[in-house]
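Under our numbering, the first residue of the sequence shown is numbered 10, with each subsequent residue one higher.
See below for the structure under consideration.
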Amino acid sequence: MRQVDELFKASASNLSETMTSHSGNAGFKIPEYQRNYDWSKEKVKRLMEDCLNGFYYLSRSKEDTPFTFLGTIILVTEKSKESSFDGTSLAVVDGQQRLTTLVLICCALIEKIVEVSNDTHELSPKTKSWIDNEVEFHREVLFQCTTGQLQGRGQSFPFPRIVRDGDSRARSHHDSEYRSMISHILWEFAKFYREEIPKFEIPSRSDKAKHERISSNYNYIKEQLSLILYNGDEEAADLESEVFGAGSFKVRAVKEFFEKIGVFSEDSERDRALDEISKSDSVAGLIRLVLFSSYLTQAVVITRVETDDENAAFDIFDALNTTGEPLTALETFKPKVIQYENRASGYNGSVSQQDFERIDGCIDEVFVDPTKKQKETKEVLVSFALFLVGEKLPYDLSLQRNFLRARFDSIPDEESPRLRRRFVDSIADISEFRARYWHSKGIDSLNSFHGERNVDVIKLCCSFIADTGTSLAIPIIARYWTQYNRDGDEDQFVRALKAITAFLLLRRSVTGGTGGIDTELRNIMEKKPNFGGDPLCTGIKHDHKLWGVENLKKELRLSLGKTKLGIVDKESWVNKARYVPLANHSRAICRFLLFSAAHNSRESSSHSGLLTREEVRPSDELDFINYDIWRSEKYATVEHVAPDSDSGSGWDDGIYREPYLRHTIGNLVLLPQKENSSVGNASWPKKKLFYSALVAKTDPELNEALARARKEGFQFKKKTEDLLSNGSRLHMLDAVNKVDEWNEQFIEERNCNTLNRSWEVIGPWLGYDS
């Protein structure tokens, strides 16, 4: 058993000590599972401000040096060294974003100092010699933070301090290869520095997104260093940092950062030199750059934790991480998969590698911001746990990491290769499903994956489920989607998707809120069904048989028929949903109910203002179960007809007698946007003038309706006027516009009528009679 003090070693080190540790031979390597460099400008700004503010306080300090602490980096001393690298390879478990940014700052400082190093020409010879020595010394210290040197055959060979997996550091140009963005930049920067090339440009690469991120950050760093240190222009700089003037060069804490001031043997000579630079505006910018370089390398402190045990490194990371984005559970799980594949036939080119690339591609396609990527990864794993074993997995990172490791290790040895790869493949499936069928960008592009016959209803149902936020429906639908990917039976997938849509709509329209729905959806994945057999989850061996869609519908109907809900047919549903103040609960539920009621319906000739499907032929004009309609601005907003509160505009008092009635589906319509209070609180006769403009069939009718509405003081919002002027009329309001009196009795009638028409469309999706 190892001793506790053998697990890891921790030390507080300045930047120079960190980058040149292990006798100057430290080489930092970003493991394959780590994300690419993706720090936003705001994070770069914050790190620079931390360092520059510590630097500024040198001029105010009367005691010890004000150090800047940048948290902890966690490193694993790699047991298998890079084949051609004689240095010490340190895998960065945590801290690569900070290390990369600090190295970019070092490069930017070198470049600026090289550019302005001739500013010393006005100084006296001895002072100039001193400052030139300072410049040369600090440039070299900065350079050592970016580039190391391997010795061999009487020569030294440069190597980038930071590389990624896949790069090769070596003692010859022939054996070295720098394919990653950061290693290639540092390699090219070393040539710029050693060969004294006039200007350094970030080398372009084929991956434009990676190039743009690192290039824009580097240019931002250069710009801010130039403005605040060289120009001393705090107001022009984006950073919230102060800068001290040349007069502060004589302050004790400041002058301690001059490394070569010892060239003066006499105190009087040193004081004269300090006086000279304190009064010289022409050299102040260069000296501030040099002093900040000294501060950055000597007084910016990092807690360096090193271990040779990768698992211990992850545990330490969980306990200590306080800065940057924490590694996701997938990122810490990936090394386990890599180790497994490398013991088999090799990770590179394996199915598992392809699946991890699919996972990264799906998440990167939807999200750019690291925080949102982190959240999406957690969501993927919550869905995956239900999909695989019906387990409720929290969002806690530690629990998610443990779940992945434990479940992966629990796969029986006799079936290990197939099932372990299937394990990773299923995570990729869930990632892809969420990217395509949960996020709006993916839903919009589903025409590329489905035929014309079904694609519209797929997009509509997925968008509705996403708009309700019912993410626990994902594992259920994904089970049928993965089967469709294997056998091509799109109809089965569509029928399952419509069944889940109907279940959510019918249940939420009775309960209003979401209480209990997650438990019922989770039970479908976790518990054995009433008809017998396995739960709907795949099982760790992927041996659970997929339910037939009719059995899925049966389970969902049984859930709705429970005593508390009591939905067994159309009548029982309508009698409950008619009393629910849906406007207070869910915009998506209200919209889908109104759309499904209006679908292939027209105004009843015998009941003014109500809808019927008798003798109505389906048409494009009446097609409201339609994704384009769902996503358009034409019917984007749910609005009350009778105002939310009694406005004193002649509305029937009975509407406000019961607190729920005005919020029920019978008092709601869909409009392009929320209109002005002059419309919302108007009396019914006046509001009808407004609606008459929205349903006008000809230009003369529209112009007349607009004129009458404006005469009553209505001002249409621009979006509404634009829709009308472009020939877009709101067909759904045809029936509403024919109502003579909008009162308590009519709202009750419209409630039942709307719900009955909606059931006729939605009920059969779940296997009920229409």
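Note that beta-carbon positions come from the ideal geometry of N, C-alpha and C, so glycine has one too.
All of these numbers come straight from a predicted model, not from anything done at the bench.
Assigned with DSSP and collapsed to three states, Ala597 falls in helix. For Glu441, the secondary structure class from DSSP, reduced to helix, strand or coil, is helix. Judged by DSSP in its simplified three-state form, Asp655 adopts coil rather than helix or strand.
The beta-carbon distance between Gly675 and His594, rounded to whole angstroms, is 15 angstroms. This is too long to meet the 8 angstroms contact definition. Annotated three-state conformation of Asn539 is coil, per DSSP. Secondary structure at Pro773: helix, using DSSP grouped into helix, strand and coil. In the three-state DSSP reduction, Ile526 falls in the helix class (H, G or I).
If you draw a 10 Å sphere on the C-beta of Thr77, you find 16 or more other C-beta atoms in it, and that means buried. When rounded, the separation of the alpha-carbon atoms in Val389 and Leu679 is 34 angstroms. The Cβ neighbour count for Val589, taken over all protein chains shown within 10 Å, is at least 16; the residue is labelled buried.
Separation of Val260 and Ser68 (C-alpha to C-alpha, rounded to the nearest whole angstrom) is 6 angstroms.
Every unbroken stretch of the alpha helix (DSSP H) spanning 4 or more residues and falling wholly within the region 158-221 is given here in chain order: 190-203. According to the DSSP assignment, Leu108 belongs to the alpha helix (DSSP H) that extends over 105-125. The alpha-carbon of Lys550 is positioned some 10 angstroms away from that of Ser419.
The count of Cβ pairs closer than 8 angstroms, one atom from the region 220-237 and one from the region 182-197, reaches three, so the stretches are in contact. When the five nearest sequence neighbours on each side are left out, the beta carbons in the same chain lying within less than 7 angstroms of the beta carbon of Ala597 are those of Phe473, Asp476, Thr477, in order along the chain.
Our two residues, Ser277 and His147, have alpha carbons roughly 25 angstroms apart in a direct line. With a beta-carbon spacing of about 4 angstroms, Cys371 and Ala444 fall inside the 8 angstroms limit used to define contacts. Residue state for Arg587 is assigned as coil, using DSSP reduced to three classes. Collapsing the DSSP output to three states places His649 in a strand.
Relative to Arg170, the option among Lys208, Val123, Gln105, Ala117 whose CA is nearest is Gln105. CA-CA distance, Asp434 to Gly460, rounds to 25 angstroms.
In this structure the region 744-762 does not touch the region 710-723; the number of beta carbon pairs closer than 8 angstroms is below three. The DSSP-derived three-state label of Phe633 is coil. The beta carbons of Ile122 and Val299 sit closer together than 9 angstroms.
Residues Glu143 of the same chain have their beta carbon placed closer than 7 angstroms to that of Phe267, with the five preceding and five following residues left out of the count. If you look at Lys38, you'll find it in the beta strand (DSSP E) that goes 35-39.
With a 10 Å radius around the Cβ and a threshold of 16 neighbouring Cβ atoms, Val102 comes out buried. If you draw a straight line from the Cα of Thr380 to the Cα of Asn45, it comes to about 14 angstroms.
Residue environment analysis places His672 among the buried positions, since at least 16 neighbouring C-beta atoms fall within 10 angstroms of its C-beta.
The beta carbon of Gln501 lies closer than 8 angstroms to those of Tyr489, Gln492, Tyr493, Val558 in the same chain, with the five residues before and after it left out. The beta carbon of Ser568 sits closer than 7 angstroms to those of Glu529, all from its chain and outside the five residues before and after it, given in chain order.
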